[in-house]
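For the sequence shown, position 186 matches number 1531 in the working numbering, and the numbering has no gaps at all. Where is the CB? At the ideal position from N, CA and C, for every residue including glycine.
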Amino acid sequence: GDKIVFAGDDTWKMFPHFYRMYANQDSLFVNDFYEGDLNITNTLTYELKQLDWKLMILHYLGLDHVGHVFNAHHELVPQKMKEMDDVVKMIHFKLKQLNKGKRNKSLLFLTSDHGMRDAGGHSGNSFHETHIPLFMIGCDCESNNETFYNQIDFATSFSIINGLPLPKSSIGSIIPELLIDIEPLKKLDLFKIINQR
C-alpha cells in the first residue's frame, strides 16, 4: 500500500504498481551511455522535492552499457563512476537532512542488478557474474569487510528488512549483516524459514 516511484530501465514496466514511473524509452540501446542516465538524475532531482513516496527505485544503465560495449577497464568507466558518485552524494545529502533527529531513518541501498565479467559479459557462474556490490547508507548494519554478495540474496534480505513476505520463487539466503536491528529469536525464525524452502 505504500507509494513507490521508479526511474530508469524500461523493463520494469512489467511491474505496474508504481505511483509514478519514468521509464527510459529504449533501455536495450546499449550505445546510450548518457541520455538515459541524465533522465534518471533529472527525475531524482524532482522527486527529492516531492517526498510523497515511501520507496524510490533508480535503475541507471550507462555504466552497464559501457561494460557491455567495451569492457570493465574502458576509459569511460571512471567518468561514469564519478557521475554515480555525484548521484549518491545528492541522495546522501538529502537523507542527512531528512534523518536529522528522527528515530526511523531513511536508508539508501546502492547495488547492481547483476554481476559482470571484466570482458563485459554475464550469464555464467563466475564470482564476478554472480556477485554484486552492496552498500547501505543510513542504517545501523554490522560492518563487514565483504561488500560483494550473491545477487540472489538481495531480494530475500530486502524483503525481510522491510517486513515483506519472502518472494515465492526466490532461492536466495539472508545477508546476516543486514539483520542487526532484528532481535535474536526473530533472526532464528527467519533462518529456519529460509532453510525449510
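Counting C-beta neighbours from all protein chains within 10 Å, is the total for residue 1508 16 or more, i.e. buried, or is it exposed?
exposed
List the DSSP bridge partners of residue 1402.
1351
Closest Cα partner of residue 1492 within the set 1512, 1521, 1426, 1504:
1521
Mapping DSSP to helix, strand and coil, what is residue 1429?
helix
My output table needs one value for residue 1396: the three-state DSSP class, helix, strand or coil.
coil
Out of curiosity, what's the CA-to-CA distance linking residue 1444 and residue 1438?
10 Å
According to the Cβ coordinates, are residue 1482 and residue 1453 closer than 9 Å?
yes
Can you tell me which residues form a DSSP beta bridge with residue 1453?
1482
Please state whether DSSP places residue 1461 in a helix, a strand or coil.
coil
Pick out whichever of 1527, 1499, 1353 has its Cα sitting closest to the Cα of residue 1365.
1353
Please list, in chain order, all residues of the same chain as residue 1527 whose beta carbon is under 8 Å from its beta carbon, the five residues on each side excluded.
1505, 1535
Cβ atoms of residue 1399 and residue 1349: under 9 Å apart, would you say?
yes
Please list the terminal residues of the continuous beta strand (DSSP E) segment that includes residue 1500.
Per DSSP, residue 1500 belongs to no beta strand (DSSP E); it is in the alpha helix (DSSP H), 1498–1506.
Hey, quick one: how far does the alpha helix (DSSP H) through residue 1415 stretch, first residue to last?
Unbroken run through residue 1415: none, as it is neither H nor E.
Please look up how many angstroms separate the CB atoms of residue 1539 and residue 1525, rounded, as I've assumed it's under 8 Å.
The pair is not a contact, with the Cβ atoms about 17 Å apart (cut-off 8 Å).
According to DSSP, residue 1493 sits in a beta bridge with which residue or residues?
1478
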